Amino acid sequence: MIQIKSIKLKIMYKFKKAILFGFTALTIASCKPPNPSVVVAPISNEFLTTTILNLQNINDAADKPTISYKLIGSNPAVVTPDTLRLKKNAVYNCTIVILDETKTPVDTVSKVIAERENIHLFVFRPSINLTLTDSITDHDTNVPPLPFGLQSQMKTGTPSSGILEVILRHQPNVKNGTYAPGSTDLDVFYPVSIK
């Protein structure tokens, strides 16, 4: 009888010891710091509300047309003035200014985009009936340098009217000078009249 009791005590002691050891191991494991690993944050798309085209006729200092496209939240887009009016057979230098008007003060996002020129590309698409061509005049610091487009030169032809679509492509690690890779940060449409 004493021998059976002694065996039971030994089994209970070993059982308690095993439970205590398991609990201690679990506690130590849960206190270990997480496995250190480096996660590269993706380069996010910018938040944009307003895109302004500022033009300057290279042969007429007084001819400085500008147009703004504003889209905030679910409100309808507002284009001011309603049409970009350009002279026929003229050459204009164009600068794009992009704002985030949800912030106070207003944030000039085009400065950040300029700092990140190696991952951005502006694309200009005039409608077929519009006698307008656009040539990008600034380039990034990729090797070789690729078009950027915050600065460009627009040439007008004979009188016409149509739409100029301006697209900003976001192309981290895939920029190659073409439209295709990446995603779209903005896609805006300006009515244009050439007379």
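Per numbering that gives the first Met the number 0, the very first residue in the sequence shown carries number 0; after that it's consecutive. From the three backbone atoms N, C-alpha and C, an ideal C-beta is built for every residue, glycine too. Note that the structure is a prediction, hence the values are computed from the model and not measured.
Reduced DSSP secondary structure (H/G/I, E/B, other) of residue i
i: residue 162; result: strand
i: residue 53; result: strand
i: residue 95; result: strand
i: residue 20; result: Note that residue 20 has pLDDT 46, beneath the 50 cutoff, so the model's placement of it is unreliable and the number below is only indicative. Three-state DSSP puts residue 20 in a helix.
i: residue 105; result: coil
i: residue 39; result: Residue placement at residue 39 is flagged as unreliable, the pLDDT there being 33, under the threshold of 50; the coordinate-derived value follows with that caveat. It is coil, neither helix nor strand.
i: residue 154; result: strand
i: residue 110; result: helix
i: residue 189; result: strand
i: residue 177; result: coil
i: residue 135; result: strand
i: residue 183; result: strand
i: residue 66; result: strand
Selection from the options that minimises the alpha carbon distance to residue i
i: residue 89; options: 131, 144, 173; result: 131
i: residue 156; options: 60, 70, 85; result: 85
i: residue 126; options: 159, 107, 169; result: 159
i: residue 109; options: 103, 101, 96; result: 96
Beta carbon proximity, residue i to chain D, threshold 9 angstroms
i: residue 145; result: The question asks about chain D, but that chain is absent: this structure has only one protein chain.
Host beta strand (DSSP E) of residue i (start-end)
i: residue 125; result: 119–125
Cβ separation of residue i and residue j, assumed to be a contact under 8 angstroms, to the nearest whole Å
i: residue 66; j: residue 47; result: That pair is no contact at about 16 angstroms.
contact_flag[the region 148–155, the region 177–189] where n(CB pairs < 8 angstroms) is 3 or more: Judged by Cβ distances under 8 angstroms, the region 148–155 makes no contact with the region 177–189, as fewer than three pairs qualify.
Three CB pairs or more closer than 8 angstroms across the region 59–76 and the region 116–129: Result no; under three Cβ-Cβ pairs closer than 8 angstroms.
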